[in-house]
Amino acid sequence: MATVRLENLTKKYGENTVLDGISLEIPEGTLVSLLGPSGCGKTTTLRLIAGFEQADGGDIYIDNQRVNDIKVHQRNIGMVFQSYALFPHMTVWDNVAYGLKQRKLSKKEIDSRVKDVLKLVQLEGYEARKPKQLSGGQQQRVALARALVIQPKILLLDESLSALDKKLRVEMQVELRRILDASGITALFVTHDQEEALTLSDYIVVMDRGTIVQVGKPYEVYEAPKNRFVASFLGKSNFFEGVIKEKNDIVIILETSFGEMPLATSSPREVGEAALYSIRPEKIKLEATDKNSAAESISGVVKFVTYAGNISSYTIDCNGLQVIAESQNAVGEFQFKEGDLVFLCWEPQFCLLMEDEVKK
Amino acid sequence: MKKSGIISKAFVIFALIYLYTPIVVLMVMSFNSSRYNQMPFDFSFKWYQDLFQNNVLIQAAINSIWIAAVTGVICVILATLLVLGSQALSGRLKNSVQTFMLMPLTIPWLIIGLSILLMIRALDFEKNLFFVLAGHTVISLPYSVLVLQARMQSMDPALEEASASLGANVMTTFRRITLPVLAPAMVAGGFLSFMISFDNFVLSYFLMPSGFSTLPIEIQSSIKFGFTPEINAVSTIIIGISLLCLAIVGLIMGSSIKSLFGKKEV
Numbered sequence: 001m002a003t004v005r006l007e008n009l010t011k012k013y014g015e016n017t018v019l020d021g022i023s024l025e026i027p028e029g030t031l032v033s034l035l036g037p038s039g040c041g042k043t044t045t046l047r048l049i050a051g052f053e054q055a056d057g058g059d060i061y062i063d064n065q066r067v068n069d070i071k072v073h074q075r076n077i078g079m080v081f082q083s084y085a086l087f088p089h090m091t092v093w094d095n096v097a098y099g100l101k102q103r104k105l106s107k108k109e110i111d112s113r114v115k116d117v118l119k120l121v122q123l124e125g126y127e128a129r130k131p132k133q134l135s136g137g138q139q140q141r142v143a144l145a146r147a148l149v150i151q152p153k154i155l156l157l158d159e160s161l162s163a164l165d166k167k168l169r170v171e172m173q174v175e176l177r178r179i180l181d182a183s184g185i186t187a188l189f190v191t192h193d194q195e196e197a198l199t200l201s202d203y204i205v206v207m208d209r210g211t212i213v214q215v216g217k218p219y220e221v222y223e224a225p226k227n228r229f230v231a232s233f234l235g236k237s238n239f240f241e242g243v244i245k246e247k248n249d250i251v252i253i254l255e256t257s258f259g260e261m262p263l264a265t266s267s268p269r270e271v272g273e274a275a276l277y278s279i280r281p282e283k284i285k286l287e288a289t290d291k292n293s294a295a296e297s298i299s300g301v302v303k304f305v306t307y308a309g310n311i312s313s314y315t316i317d318c319n320g321l322q323v324i325a326e327s328q329n330a331v332g333e334f335q336f337k338e339g340d341l342v343f344l345c346w347e348p349q350f351c352l353l354m355e356d357e358v359k360k
Numbered sequence: 001m002k003k004s005g006i007i008s009k010a011f012v013i014f015a016l017i018y019l020y021t022p023i024v025v026l027m028v029m030s031f032n033s034s035r036y037n038q039m040p041f042d043f044s045f046k047w048y049q050d051l052f053q054n055n056v057l058i059q060a061a062i063n064s065i066w067i068a069a070v071t072g073v074i075c076v077i078l079a080t081l082l083v084l085g086s087q088a089l090s091g092r093l094k095n096s097v098q099t100f101m102l103m104p105l106t107i108p109w110l111i112i113g114l115s116i117l118l119m120i121r122a123l124d125f126e127k128n129l130f131f132v133l134a135g136h137t138v139i140s141l142p143y144s145v146l147v148l149q150a151r152m153q154s155m156d157p158a159l160e161e162a163s164a165s166l167g168a169n170v171m172t173t174f175r176r177i178t179l180p181v182l183a184p185a186m187v188a189g190g191f192l193s194f195m196i197s198f199d200n201f202v203l204s205y206f207l208m209p210s211g212f213s214t215l216p217i218e219i220q221s222s223i224k225f226g227f228t229p230e231i232n233a234v235s236t237i238i239i240g241i242s243l244l245c246l247a248i249v250g251l252i253m254g255s256s257i258k259s260l261f262g263k264k265e266v
């Protein structure tokens, strides 16, 4: 167990800056995921911590020790690769024991530790198999066991579940969480799958174009995204952009390119300022009549209804602006159909001011 | 679908007949007692018995085998070093090195043989076995390189990284991971180079010191000075050995390729 601290970490490939001075602290024993689109620098961050690549600037500390100049094989870091990278010519047992043999442990010690870790990942009885004789999920667990058995200071996982099909992936997420909790290890997880990040991690680090955009607990990042990028990358969001025309404590009137829109929100911005607001589709409640007491709500016409089993998604045309609202199919029948006039209501705290610069 | 199926099958059968009829004739005739390959066919092992009493042919075969074996070993070692070394290079340099390694494939053996012969003369050396081996290595090396390069490219670079992250230094990673993963390709490449060298007539003809002969040279001269079906017999044996080598290569590469990519059973 260890803390990891990145200070002003920078990495360039030629002219191309892939990491632009990121700083991050990963507390002991937590599972942190780096989330972002491809090319955001998340895998580079992981490879820098592992020592596969050298930073062009900044420092990496593990337990307050600067590790920039320590070679990979001396860093004591466990890594689970996207391809698993199991040694094809070795059995499961030899794969897992490999790291322990490098540490010159006694045969007895190696035997008991390999046995324990295979029990942890529930692969007892598979010791003599070669990797090719295992299923994807089993290979993944061997890779995890091989990385855990050396009792690394931190565990790095590079898109480790993305090669599995969806059902198995969800099972492995639960399994991974159980195994990591049992070993109490500090882990850093790279993923582009927002659902995976939300369900697995203690903290999510959202990255974009070589910088960290937002760090927080899953519900914080989801419920209070900082800007348009986070709000649209993690889940779905509706955006309202314009100039504030009138405001009181619970409603503002926003002058947008689609006309004036009354938004239930309490905004720190003053009248006359430009601003961008977002609201999650599931926070919008559709009503046949205006239920907002303080002021009128936005109204629109239902354009499409998409049935997705547990939820229905409504695309509503509000004077040209497409707004998406989702509702639970708890009652088992569609609330509204295409062509209906609806009012969009929500609690003021769900309509969020984004930090993006907005031109007037 | 049915119709095109029949046509494509017919095409394949035609191609196979075209390719292999002469070889099949040769193999069948090695069991025919007639000296002039005449019909009716009369089965006998006569030519095989004669062959094993023909000391010239046997000595030539032994020469061919050891030259090919030494060439094969040299080629595997060189090819492994070249492929591993070129891996460390980047971009343009890597490409040009790879091109140069495969270049001998595009130069006719006749010209390679002639140029080595001219070089020996120019440097005022006698023809000797060292130059025979050197020449055979030049023409056989690209085949080992090709096989090893293919294996190197299909090898997951994360394997070496995984080894390092588990605490193994560069030497241990090479010894315990890289080399074992490459090993099947080394064996396969070695066999291929062996076959190329064993089969080669042109270079041996140019470079062989007098009083020394290989099987291809003996076969060629026996055609000149009176053909006997012993040649059919020895050719049949060579084909048998070739097929065996090929089967071994296929077996090694096949299973190792599978073990690398592992058909994922779900």
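As they're listed, the protein sequences go chains H and S. Position 49 of the first sequence, counted from 1, bears residue number 49 in my numbering, the numbering being contiguous throughout. Position 124 of the second sequence, counted from 1, bears residue number 124 in my numbering, the numbering being contiguous throughout. Quick reminder that beta carbons are idealized off the backbone N, C-alpha and C, glycines included.
Using a Cβ-Cβ cutoff of less than 8 Å, which residues in the same chain neighbour residue i once the five nearest sequence positions on both sides are dropped?
i, result
"A143 (chain H)", "V80, F81, Y84, A85, L86 and S160"
"P104 (chain S)", "I112, V138, I139, L141 and P142"
"V206 (chain H)", "L35, G36, I212, V213, Q214, V215, V221, F229, V230, F233 and L234"
"A187 (chain H)", "T30, L31, V32, I154, L155, L156, L157 and L180"
"A182 (chain H)", "L120"
On a CA-only basis, which of the options is nearest residue i? Give me that one, please.
i, options, result
"P216 (chain S)", "S:S210, S:Y205, S:P209 and S:F225", "S:Y205"
"D116 (chain H)", "H:K217, H:G242, H:V149 and H:L105", "H:V149"
"I70 (chain H)", "H:I49, H:M90, H:E220 and H:S312", "H:I49"
"L34 (chain H)", "H:I185, H:K217, H:G57 and H:E127", "H:K217"
"N64 (chain H)", "H:V4, H:G136, H:I324 and H:S313", "H:V4"
"G21 (chain H)", "H:D158, H:T211 and H:A187", "H:T211"
"P209 (chain S)", "S:S144, S:V132 and S:I23", "S:V132"
"R177 (chain H)", "H:D111, H:A197 and H:R129", "H:A197"
"F52 (chain S)", "S:I237, S:L102, S:G190 and S:F194", "S:I237"
"M90 (chain H)", "S:W66, S:V187, S:L159 and S:N95", "S:L159"
"K127 (chain S)", "S:A15, S:S213 and S:A247", "S:S213"
"Q173 (chain H)", "H:I185, H:G184, H:K337 and H:G137", "H:G137"
By DSSP, does residue i sit in helix, in strand, or in coil?
i, result
"Y126 (chain H)", "coil"
"P262 (chain H)", "strand"
"G29 (chain H)", "coil"
"S299 (chain H)", "strand"
"I257 (chain S)", "Since pLDDT at I257 (chain S) reaches only 46, below the 50 mark, its modelled position is unreliable, and the value read off the structure follows with that caveat. If DSSP states are grouped into helix, strand and coil, I257 (chain S) belongs with the helices."
"T256 (chain H)", "strand"
"R92 (chain S)", "helix"
"Y314 (chain H)", "strand"
"L207 (chain S)", "helix"
"F189 (chain H)", "strand"
"G136 (chain H)", "helix"
"F81 (chain H)", "coil"
"R5 (chain H)", "strand"
"C351 (chain H)", "coil"
"L100 (chain H)", "helix"
"F52 (chain S)", "helix"
"V153 (chain H)", "It is worth fixing the name first, because residue 153 (chain H) is Lys in this sequence and not Val. K153 (chain H) falls in the coil class under three-state DSSP."
"A330 (chain H)", "coil"
"A185 (chain S)", "helix"
"N68 (chain H)", "coil"
One question on the structure: do residue i and residue j come within less than 8 Å of each other, judged by their Cβ atoms?
i, j, result
"G113 (chain S)", "L203 (chain S)", "yes"
"G78 (chain H)", "A147 (chain H)", "yes"
"Q122 (chain H)", "P131 (chain H)", "no"
"T173 (chain S)", "A164 (chain S)", "yes"
"N232 (chain S)", "M29 (chain S)", "yes"
"N68 (chain H)", "K153 (chain H)", "no"
"F52 (chain H)", "E161 (chain S)", "yes"
"E124 (chain H)", "N227 (chain H)", "no"
"I179 (chain H)", "L118 (chain H)", "no"
"T44 (chain H)", "L19 (chain H)", "yes"
"V301 (chain H)", "L341 (chain H)", "yes"
"I62 (chain H)", "L9 (chain H)", "no"
"V97 (chain S)", "Q149 (chain S)", "no"
"I443 (chain H)", "N329 (chain H)", "With chain H covering 1 to 360 only, the question about residue 443 (chain H) has no answer from this structure."
"L353 (chain H)", "A325 (chain H)", "no"
Spatial neighbours of residue i within its chain, please: C-beta separation below 7 Å, excluding the five flanking residues on both sides.
i, result
"G235 (chain H)", "Q194, Y222 and R280"
"G99 (chain H)", "R146, V149 and I150"
"I7 (chain S)", "none"
"T265 (chain H)", "I252, Y277, P348 and C351"
I'd like the list of long-range same chain contacts for residue i, defined as Cβ closer than 6 Å, with 5 residues on each side in sequence excluded.
i, result
"K283 (chain H)", "W346 and F350"
"F198 (chain S)", "S64 and A68"
"S235 (chain S)", "L26"
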